[in-house]
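Heads up: the sequence shown begins at 356 in the working numbering, then just goes up one per residue. Think of the CB as a built atom: it goes at the ideal place given N, C-alpha and C, for glycine as much as any other residue. These figures come from a predicted structure and were not determined experimentally.
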Amino acid sequence: MLFRSKIRTQFGAFYLDYKNLQSQVYNPLTTQSAIQNFASAKVYGFEFQAQGHFGGLKLNTAIGYTKSKLGTASAIDDRYNTTAVVNLTGRSLPFSPEWTFSAGAEYEIALGGTFTLTPRVQYSSLSSQWANQFQVKPTDFIGSRNIADASLTLAQADKGWRVEAYATNLFDETYVASKATYASGQPGRVQYFGAPRQYGVRVGFSFAAAFQCGGEGALRRDTRQPRRRARRLVDDGTGHHRRSCDHGVRVRQLHGRRPSIDQADRLRSRRCGVHRRHHRAHGDGAGDDGA
Numbered sequence: 356m357l358f359r360s361k362i363r364t365q366f367g368a369f370y371l372d373y374k375n376l377q378s379q380v381y382n383p384l385t386t387q388s389a390i391q392n393f394a395s396a397k398v399y400g401f402e403f404q405a406q407g408h409f410g411g412l413k414l415n416t417a418i419g420y421t422k423s424k425l426g427t428a429s430a431i432d433d434r435y436n437t438t439a440v441v442n443l444t445g446r447s448l449p450f451s452p453e454w455t456f457s458a459g460a461e462y463e464i465a466l467g468g469t470f471t472l473t474p475r476v477q478y479s480s481l482s483s484q485w486a487n488q489f490q491v492k493p494t495d496f497i498g499s500r501n502i503a504d505a506s507l508t509l510a511q512a513d514k515g516w517r518v519e520a521y522a523t524n525l526f527d528e529t530y531v532a533s534k535a536t537y538a539s540g541q542p543g544r545v546q547y548f549g550a551p552r553q554y555g556v557r558v559g560f561s562f563a564a565a566f567q568c569g570g571e572g573a574l575r576r577d578t579r580q581p582r583r584r585a586r587r588l589v590d591d592g593t594g595h596h597r598r599s600c601d602h603g604v605r606v607r608q609l610h611g612r613r614p615s616i617d618q619a620d621r622l623r624s625r626r627c628g629v630h631r632r633h634h635r636a637h638g639d640g641a642g643d644d645g646a
């Protein structure tokens, strides 16, 4: 934590060492392609994240670096009806972009009472990558992309509800998210595009937020309830009362002492000698039947 707990950071590094990495490989003896153990590979990199909170302003950012490479490996790219062996040593793994980056900002505006209005913008970037270890361009190449999102949220924190207007892929960027590089007879021509610009409205409700704001009052009402029950029993003027969980509380009231909340709870959990004598004095026998 930095700057008096206003900035939080996280950092991580990783290193992976693969043995017998599986891939689709062409076998010239069987003239068929199949998934099999292919080569060794190493993947390493780091990730860094940071979040800042300065009054109503919140900032976040993240950056990641990944380096991947095959060990000693070679294979035949049968997609083009060739038997030439291609040296793949040191090439990056499929679908392994080298850089990722994201950043976001939002600002909470107080509108009066407990109402807030929060605009937010988010940006994410992904570097180029390959869809196949043979790395034939443009067949196996997937370009970089940069996506921006935005939202505007109206909320009432103590009631737990919120209404959010949002837009994803704000600038409607057209990009390829993935490719099927082994499509029958058409390598790389089957492409999966990312979602276009989308916008809409979301409505949400948080039960946790609502109960957290109103829970203290509810708790006070619950803790006063046993005392109110005891007073009603004392004020009825009959000198008798039916068997219930309030017996101990009533007995203490009849003897001129008002029990605390904790004492009332303990008295409900056991039948004391004073309680039994009180019932015998009134001849109802309730203190002896264990009810």
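Query, Result
"Relative to the alpha-carbon of R557, which residue among A520, Q546 and L525 has its alpha-carbon at the smallest distance?", "A520"
"Nearest to Q488 by alpha carbon, out of G467, Y530 and T536?", "T536"
"Output the distance between the C-alpha atoms of P449 and L412, rounded to the nearest integer angstrom.", "39 Å"
"Could you tell me which whole beta strand (DSSP E) segments of length 3 or greater appear in the stretch 462 to 529?", "464 to 467, 470 to 481, 500 to 511 and 516 to 523"
"Spell out a yes or no on whether the stretch 471 to 491 and the stretch 453 to 460 are touching, meaning 3 or more CB-CB pairs, one atom from each, closer than 8 Å.", "yes"
"DSSP on A430, reduced to helix/strand/coil?", "strand"
"Is the number of C-beta pairs between the stretch 406 to 421 and the stretch 433 to 445 that are closer than 8 Å three or more?", "no"
"Between F401 and Y420, is the Cβ-Cβ spacing less than 8 Å?", "yes"
"DSSP state of Y435, grouped into three classes?", "helix"
"What would DSSP say about A550, mapped onto helix, strand or coil?", "coil"
"By Cβ distance below 6 Å, which residues in the same chain neighbour V518 in space, the five residues on each side in sequence not counted?", "L509 and V558"
"Kindly indicate which residue of A417, A396, S506 and F526 has the alpha-carbon position closest to the one of G367.", "A417"
"Based on the DSSP output, what are the partners of F562 in its beta bridges?", "F562 pairs with nothing; no bridge assigned."
"So, for V440: in the same chain, excluding its five sequence neighbours on each side, which residues have a beta-carbon less than 8 Å away from its beta-carbon?", "S429, A430 and I431"
"Just checking my contact of S395 with L371 at CB under 8 Å: how many whole Å lie between their CB atoms?", "Not really, about 11 Å apart at Cβ, beyond 8 Å."
"Looking only at its own chain, which residues have a Cβ that is under 6 Å from the Cβ of A351, when we skip the five neighbours before and after it?", "No statement about residue 351 is possible, as the shown extent of the chain runs from 356 to 646 and does not include it."
"Looking only at its chain, what residues have a beta carbon closer than 6 Å to the beta carbon of L466, apart from the 5 residues adjacent to it on each side?", "L472"
"In its own chain, which residues sit with a C-beta less than 8 Å from the C-beta of P551, not counting the 5 before and 5 after it?", "N524, D527 and T529"
"Which residue or residues does DSSP assign as beta-bridge partners of T536?", "In the DSSP output, where bridge partners are listed per residue, T536 has none listed."
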